[in-house]
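Structure first, commentary second.
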Amino acid sequence: MISNEVPIHDDHVDPPSAAAMSRRTAMKMFSLTAMMGMVSGCIRKPTRHIVAMHDRPEYQQPGMPLYYASTWTEGSHPYGMLIKQIDGRPIKIEGLEGHPLNPNGKSTAQMQASLFGLYDPERLRSPQQGGQDITWPEADKAVADALRGARRVLVVTRTTLGPSEQALLARFRKAVPGAQHMAYEPAQDRDRRLAWQQIYGAAGEVTTKLENAKVVLSLDADFLGTDGDTLTNARGFAETRVPGAANFSRLYVAEGGMTGTGSSADHRIPVRPSTSAELAAGLLAALGGSSAALSASATKHGWDAKVLQALVKDLNANKGKAAVLAGPHLPAAVHGAVAQMNAMLGASGTTLGWNATPAAAIASAPADLAKAIAAGPEVVIFLGVNPVHDMPGADFGKALEAVPMVVAQGLTADETVSAATIALPAAHAYESWNDATVTDGVTGIAQPMVAPLFGGRQDADSLLAWTKALAPDDGALKATKDFHGFLQARWGLAQDKWEALLRKGYAGTAKNAALPAPREVAFPAPAAPAAGTHDVVLALHPQTVDGRFGGNAWLLETPESCNKVVWDNVAAMAPATARALGVSEGDWVTVEANGASVKLPVVPQPGVQKDTIVTHVGYGRTQGAGHGVGVGVNVAPLGSGVVAGKVSKAGGDKYLIAKTQHVFDQNASVTDQPMERHIAISGTPKAYEAYRKDVPDGPDGKPLSFPDTQKHKLALTQIDPEVDYSKGHKWGLAIDLNKCTGCHACLLACQSENNIVIVGKEEVAVGRDMSWIRIDRYEAGPEENPNILLQPMLCQHCDNAPCETVCPVNATAHTPEGLNDQIYNRCVGTRYCGNNCPYKVRRFNFFNYTGEQTTDPVQELRANPHVTVRTRGVMEKCTFCVQRINAVKFEAANKHVDVEDGAVVTACQQACPSDAIVFGDANVKGGLIETARGGDLAYHVLEEINVRPNVTYGARIRNAHPDLDDWKPGAHGHGHDGDKKGGH
Amino acid sequence: MNPPPPDSSTLEEPVVDSSRAAKLQADLRKLDADIQAPMESFPTQRWLGAFGLAQIGAVIFLITFVYTIARGIGVWGNNNPVGWGFAITNFVFWIGIGHAGTLISAILYLLRQKWRTPIARFAEAMTIFAVIVALQFPLVHTGRPWLAAYWLLPLPNANNIWVNFRSPLLWDVFAVSTYALVSIMFWYTGLIPDLAAARDRAQHRVRKLVYGILSLGWKGSNRAWQHYEKAYLLFAGLSTPLVLSVHSVVSFDFATSVIPGWHTTIFPPYFVAGAVFSGFAMVATLIIIMRKYFKLQHVITLDHLDLMNRIVLVTSLMVGYAYMMELFIAWYSGVVFERFAFMNRAMGSYGWAYAIMVTCNVILPQLLWFKKIRRTIKFMFIISIFVNIGMWFERFVIIMALHRDYLPSSWHDFTPTWVDYGMLIGSFGLFFTLLLLFCRFLPTVAIAEAKMDAPGAQPTGGHHE
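Listed in order, the protein sequences are those of chains A and B.
Residues 1 to 984 (the working numbering) make up the first sequence, in order.
Residues 1 to 465 (the working numbering) make up the second sequence, in order.
Structure follows, in structure tokens:
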């Protein structure tokens, strides 16, 4: 493949033509070159050595991106990835289109943020013994010597070992006869997996096909946020969120906390998690025709009986098109009842399926791990896990002190690595070869993007080295130089097939098995919650998950989806509960459970069930988490899942809580009803149907859209001369509020693509977060159970941009293609543009954030070289990814073709798992933007001030059940459907 | 407005009571000596003490100024919704203070208001120093002042990029710099005969030389006086529209925006009235001190202060009207954002600032309806200080409209930092440093004009009243 004439920057996978080994060598050299350039990066005018790329592979063009297919191995589901690499540096993660799990090429927030971990200066840089740097051969010798004499050896790994890693582990165990293996994960859906195993008769996991569902019930399952295969869930769910379409689905969520999924619900019932078994049993009985138990429970627990009646009716009416999902922390009895419900509803094969080979093995019980340590192994090896910090319950670090030889390999000197006798630096996932069981029948392959930056070595390579040392006679291993060789040999493919596999990223086709028929299992009925206790939900954090990203500053500064808290885990509780405890935001409470006690700061969170406290696991790191050290509180001592806890007010000074949003009521302080702000607009199906029957005309004679009927649409006069945008391109963006689930993948994609800095907790608390796109959250209705509206907000690229007229130095100006450009070089930082922005999307560099954060030259490698890094005193904001627009335009110009509508994909759009964002050329007749704008749900935020925004929003239709739709004919439309005012 | 006939009972000391030429001559010399006494005597301890305090303030200003430029705007409390905070509040405040001087010296001159004479020089000096202080803020409040200093000026450059003539901030640059230049020239022109007088009285060589150079060889010839009078009149004419334009233009920073609470057409007259209000109050505050310590009660009489208080009262009514009209128009507009902005202004996070503003600017000055209060130094001094506090808060209240504008999701309060307070306090230090130096080195009352207005100094036979 020779393409010297045409620069390669297209987004298909570029096949490497040289042998894989030589590519690796080349990458090592790129890395070396970069490192050499960085050597003196700290002084003001560094001497930078330019080293000519002598052996440049012919497909490598300086400054031109290459894309490599790979597999996500840092989460529970191995999504396909397309990694963008420029000059040997991976700089952006995208989803791999056509992959069995995420065929639309979408990605999670964690995938987007994972590059932070690769270039994390906190990473361990050398093997260490007793705090002293040693070499790899010395470390290997020490480990091999210890293993040789040991009778009891314990190897603790993550649960997501790939098939080749498992094969290697088997070899290792053969070489070390006393070796025991345990898979560890601090907050896995272990109990649910074990329940499923009993119910369905085999190990595996329930998969979803929500695109086929018309009614979805979630019992505490945050399936759009943290639970399970979220990308598949979000894709399927979004496909059914088209108001007016025949398959417009309805989501019921019964949950204790407030999650992203609950925020997307059409009907939400706050249910204490420990009573969910009662709810599940009642629903099961009601589906079978006897609703007495359900009504009795509803009265007893204060559940909304009307919603439950509608739910039962809805489920019964949609057999074969309904699905019930239950959260991982609920008792086994719930999963048993849910399985029966799904069987009754005919969910198997339609809305739900079965994956017999989940990527993650079922984790060992924490008690078993503690027991194994107590049994007195001579050597314990930890590979990529951190139980010293996050092991629920017991003080694991103390138990470990008795072990004579602890070997721990990790990315940073975390709590476990620091406690080890021999600490080994791991290679990052993007520096490693690997494979992964994607789903039943599909295996993904992960390839390194860069040679290990800090001399780390991937876990499997360590295992291999030790196996080779201990079993010198293993003939097959003798010829194997490293895990790459082991992996390739195990796949046993010819070179061309192997390269084809690398290009594709995975092999095999998904079986998509139907859900097996459930067995009636008599699970023990969970005990009723004891009086005076609260259900303490130790939830996965929507951004930092179980703490595995606890040192990832990008994720730490991304707000928790619902209460918008950054840089902390807090005790979120209902405002009524907080009042009853006599605490308010920033006060401390003591949570006691399982004999442990933890002090947490309070954040009142409307929608949380009154007997439920929600906090997140994985915080309170003490070592090796860089910016994450000292952030939040470690709640692992309380246990895992849902625990019964005593919550009481604790003394202490008010704690600083940093939030990116403070007011959640879009009609806050509007005293003179019926006036309302029409910013995030919603409606109900009845209102929408009534509108569609009789579409009114606006002041300009054109039919009004549904949201416009809620506003007082004015005929606006243009004072300035009209600018003709009809020639060439006119870029526009559209966001469908029906589809947004508030997952924040867009925010992190933008952060990675556009080199957006983090500012730290104190700066966020002052109000200086730098995100170019944010998810505004509006709550309406009673604080016990508000209706939620999410609205991604970014620069609207107004045609009459108010920021442009006020800049004295012309640092922000309009392009002929309708972009509102920011010229950093020209900006002197008057902040007048930011003041005059009605959407408040402009972000100012109050300090030299970039410079102050760059403590290590390696961080510079992370930056996207196609986007300017901003300095102090400069205003910045969303550019509609102008670098991507230009790349597509240049490519088209080189090929002498027109830019197709939809060819430009912004970073946020690319990442959005629910396809809520569309970008395109508004000048294209019948194009994406024209279609979006012509829709009868389309509106522009604040168009009444005639700024002519270019981001179109699709109003959300909350798909209320007809029995619960309180819209009345003749009523004037209102911003939030059928709510009295409230919120906080 | 004509001054009331002099009330001889309240005049503390008649300036001239004889028509005899010799007596007049002696009186005018005494006037010379009285006015120039502070320039010619060794600094009193009071002056040194005041100057020391002012210097501490000026040093605080310097430290906070340099610290801000070294570290970035982040050392202030500004944040994302509230892009402007104390700096622009201080800027508008000081520009407002700078209004009284030109109003007194130019407009009242053109209107032949003789009572302006004793306070004009001092007010002009105050104007210039206030503008100098004000000018520090637009520069330091930019993120990159080293670039702002020249990119804000329409200088031809190789990139052919011009300043943005649509931006009110650029209009500010023109308006304020024009105002500063014209004020300085006007002031200097008025100073020339007095500098010559100082030169003539000077004993020391250096003193003689400096005042000699500064007085541009003034000889007091008929020709020179003729030119001088013409020039002075021209400058007065030139300055008059500037009094109205500067604060109108400053108000455009807010009025031309789209932010509720800023976007109102009442701002230009409201700002001008407010500026005159605060300017006069500041002149009153300072001149009360000055006339006492420099013993100029016979030159700056209670009548003069009474007249100033009347202007303070009138302008207070004007700003009070503006406050009410803002609220009415917000309600009358029927726009939810406008209504909220003004409800929030009065009752939101900064409702306390609004309360201070209304109390100081509208309620307290009503006391000036009483003649007794208008003519009691103690009361007017206190009221004038409160007016200045109120007017600072007026600007703060207006700028804080930013903390809650359109999208509730972005609402965020502003909390000033020690640097913010330091710059506010320091700006007073800088101002008083300049003012105290002025008191020591230049005549604080226009000697020539005071002489002209001295009874008996006019040509006899004419009627000057």
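From the three backbone atoms N, C-alpha and C, an ideal C-beta is built for every residue, glycine too.
| field | Distance CB(L964/A)-CB(A310/A) smaller than 7 angstroms | value | Within the first sequence, numbered from 1, the residue matching residue 964/A stands at position 964. Within the first sequence, numbered from 1, the residue matching residue 310/A stands at position 310. The answer is yes: Cβ separation under 7 angstroms.
| Under the three-state DSSP convention, the category A479/A falls into | Mapped onto the first sequence, residue 479/A falls at position 479. In this structure, A479/A counts as coil in the three-state DSSP scheme.
| For Q198/A, which residues in chain B fall below 9 angstroms Cβ to Cβ? | The residue labelled residue 198/A in the question sits at position 198 within the first sequence. The contacting residues do not exist; Q198/A stays about 46 angstroms from chain B at best.
| field | Assigned exposure category for F42/B - 16 Cβ within 10 Å defines buried | value | Within the second sequence, numbered from 1, the residue matching residue 42/B stands at position 42. Burial check for F42/B: the Cβ neighbour count within 10 Å stays below 16, so the residue is exposed.
| field | CB-CB length for V338/A against L219/A, believed under 8 angstroms | value | As a working note, residue 338/A is residue 338 in the first sequence. As a working note, residue 219/A is residue 219 in the first sequence. With 8 angstroms as the limit, V338/A and L219/A qualify as a contact, their Cβ atoms being about 7 angstroms apart.
| Closest Cβ-Cβ distance between H984/A and chain B: below 7 angstroms? | Sequence index remark: in the first sequence, residue 984/A carries index 984 (1-based). Its pLDDT being 37, under 50, H984/A is placed unreliably by the model, and the measurement read from it follows with that caveat. Cβ-Cβ to chain B under 7 angstroms: no for H984/A.
| Interface residues of chain B facing Y839/A [CB-CB closer than 9 angstroms] | Looking up residue 839/A in the first sequence gives position 839. The answer, in chain order, is Y406, L407 and S410.
| field | Selected residue, minimal CA-CA separation from P559/A, among A296/A, C746/A and Q198/A | value | Counting from 1 along the first sequence, the entry for residue 559/A is found at position 559. It is C746/A whose Cα lies nearest to the Cα of P559/A.
| request: Examine chain A for any beta-carbon lying closer than 7 angstroms to the beta-carbon of N90/B, and answer yes or no. | output: Taking the second sequence and counting its residues from 1, the one referred to as residue 90/B is at position 90. No, its Cβ sits nowhere closer than 7 angstroms to a Cβ of chain A.
| field | Option nearest C795/A by Cα separation, candidates C740/A, I758/A, Q666/A and I735/A | value | Here the question's residue 795/A lines up with position 795 in the first sequence. Per the Cα distances, I735/A.
| query | For S914/A, which three-state DSSP category applies? | reply | To locate residue 914/A, count along the first sequence from 1; it is residue 914. Correct three-state label for S914/A: coil.
| request: Can you tell me which of the three DSSP states S333/B falls into? | output: Locating residue 333/B in the second sequence gives position 333, where the first residue counts as 1. Note: S333/B maps to helix in three-state DSSP.
| query | Per DSSP, which one or two residues make a beta bridge with G410/A? | reply | Mapped onto the first sequence, residue 410/A falls at position 410. Answer is P425/A, bridged to G410/A.
| field | R89/A versus A203/A, H866/A, P358/A and H961/A, residue with shortest Cα-Cα distance | value | On the first sequence, position 89 is the one that residue 89/A refers to. That would be H866/A, whose Cα lies nearest to the Cα of R89/A.
| said: Beta-carbon within less than 6 angstroms of F237/A's beta-carbon, same chain only, minus the 5 sequence neighbours each way: which residues are those? | reply: For the purposes of this step, residue 237/A is identified with residue 237 of the first sequence, where counting begins at 1. The beta carbon of F237/A sits closer than 6 angstroms to those of L210, all from its chain and outside the five residues before and after it, given in chain order.
| Interface flag, W151/B vs chain A, CB-CB below 7 angstroms | The residue labelled residue 151/B in the question sits at position 151 within the second sequence. Judged by the 7 angstroms Cβ criterion, W151/B is in contact with chain A.
| query | Which residues mark the beginning and the end of the beta strand (DSSP E) in which A650/A is found? | reply | As a first step, residue 650/A is located in the first sequence; it is residue number 650 there, counting from the start. Here the beta strand (DSSP E) through A650/A covers G641 to A650.
| How about T256/B and V140/B: are their beta carbons less than 7 angstroms apart? | Taking the second sequence and counting its residues from 1, the one referred to as residue 256/B is at position 256. Taking the second sequence and counting its residues from 1, the one referred to as residue 140/B is at position 140. No; because the gap between Cβ atoms is not below 7 angstroms, this pair is not in contact.
| chain B within 7 angstroms of Q710/A, Cβ atoms only | Sequence index remark: in the first sequence, residue 710/A carries index 710 (1-based). No, Q710/A does not count as interfacial toward chain B.
| task | Assign Y1028/A to buried or exposed, taking buried as 16 or more other Cβ atoms, counted over all protein chains shown, within 10 Å of its Cβ. | result | Not covered by the structure: residue 1028/A. The range shown for chain A is 1 to 984.
| Quick one: what's A616/A bridged to in DSSP? | Sequence index remark: in the first sequence, residue 616/A carries index 616 (1-based). The sequence given here has His at residue 616/A, not Ala. H616/A is bridged to A539/A.
| said: Since V445/B and R121/B should fall inside the 8 angstroms C-beta cutoff, what is the C-beta to C-beta distance between them, to a whole number of angstroms? | reply: Here residue 445/B is taken as the residue at index 445 of the second sequence, counted from 1. Here residue 121/B is taken as the residue at index 121 of the second sequence, counted from 1. 6 angstroms between Cβ atoms; contact.
| task | Please report how far the alpha carbon of H403/B lies from the alpha carbon of V82/B, in whole angstroms. | result | Indexing the second sequence from 1 puts residue 403/B at position 403. Indexing the second sequence from 1 puts residue 82/B at position 82. If you take the alpha carbons of H403/B and V82/B, they lie about 5 angstroms apart.
| message | Can you look up M21/A in the DSSP assignment and give me helix, strand or coil? | response | The sequence position of residue 21/A within the first sequence is 21, counting from 1. Low per-residue confidence applies at M21/A: pLDDT is 49, beneath 50, and the placement is therefore not dependable, though the value from the model is reported in the following sentence. M21/A falls in the helix class under three-state DSSP.
| Over what stretch of residues does the beta strand (DSSP E) that includes F382/A continue unbroken? | In the first sequence, counting from the first residue as 1, residue 382/A sits at position 382. Taken as a continuous stretch (DSSP letters only), the beta strand (DSSP E) holding F382/A covers V379 to L383.
| Within 7 angstroms, strictly: CB atoms of A293/A and V617/A | Taking the first residue of the first sequence as 1, we reach residue 293/A at position 293. Taking the first residue of the first sequence as 1, we reach residue 617/A at position 617. Taking 7 angstroms as the Cβ cut-off, A293/A and V617/A do not qualify as a contacting pair.
| Cβ-Cβ distance between E1003/A and H389/A below 7 angstroms | The structure shown does not extend to residue 1003/A, since chain A spans only 1 to 984, so no value can be given for it.
| request: Take L330/A and list the residues in its own chain whose beta-carbon comes closer than 7 angstroms to its own, dropping the five residues that flank it on each side. | output: Looking up residue 330/A in the first sequence gives position 330. Result list for L330/A: L219, D220, P273 and S276, in chain order.
| said: Using a 10 Å radius around the Cβ and a threshold of 16 neighbouring Cβ atoms, would you call W146/B buried or exposed? | reply: On the second sequence, residue 146/B is found 146 positions in, with the first residue counted as 1. By the 10 Å Cβ count, W146/B comes out exposed.
| request: Spell out the partners DSSP gives N434/A in its beta bridges. | output: As a working note, residue 434/A is residue 434 in the first sequence. Beta-bridge pairing links N434/A to A446/A.
| request: Give me the Cα-Cα distance between M423/B and G551/A, rounded to the nearest whole angstrom. | output: Counting from one through the second sequence, the residue named residue 423/B turns up at place 423. Counting from one through the first sequence, the residue named residue 551/A turns up at place 551. Going from the Cα of M423/B to the Cα of G551/A covers about 38 angstroms.
| query | Looking at the structure shown, is W225/B part of a helix, part of a strand, or coil, going by DSSP? | reply | As a working note, residue 225/B is residue 225 in the second sequence. In this structure, W225/B counts as helix in the three-state DSSP scheme.
| Chain-ordered neighbours of C807/A on chain B, where CB pairs are closer than 7 angstroms | Position 807 of the first sequence holds residue 807/A. Per Cβ cutoff of 7 angstroms: N164 and S167.
| query | Hey, out of V869/A, T830/A and G935/A, whose CA is closest to G173/B's CA? | reply | Here residue 173/B refers to the residue found at position 173 of the second sequence. The sequence given here has Val at residue 173/B, not Gly. Nearest neighbour of V173/B by Cα position, chosen from V869/A, T830/A and G935/A, turns out to be T830/A.
| query | For the segment 727–749 of chain A, which residues have a CB atom closer than 7 angstroms to at least one CB atom of chain B, in sequence order? | reply | Per Cβ criterion, the list is empty.
| said: At the 7 angstroms Cβ level, is I95/B part of the contact set with chain A, yes or no? | reply: Sequence index remark: in the second sequence, residue 95/B carries index 95 (1-based). No, because no Cβ of chain A sits closer than 7 angstroms to the Cβ of I95/B.
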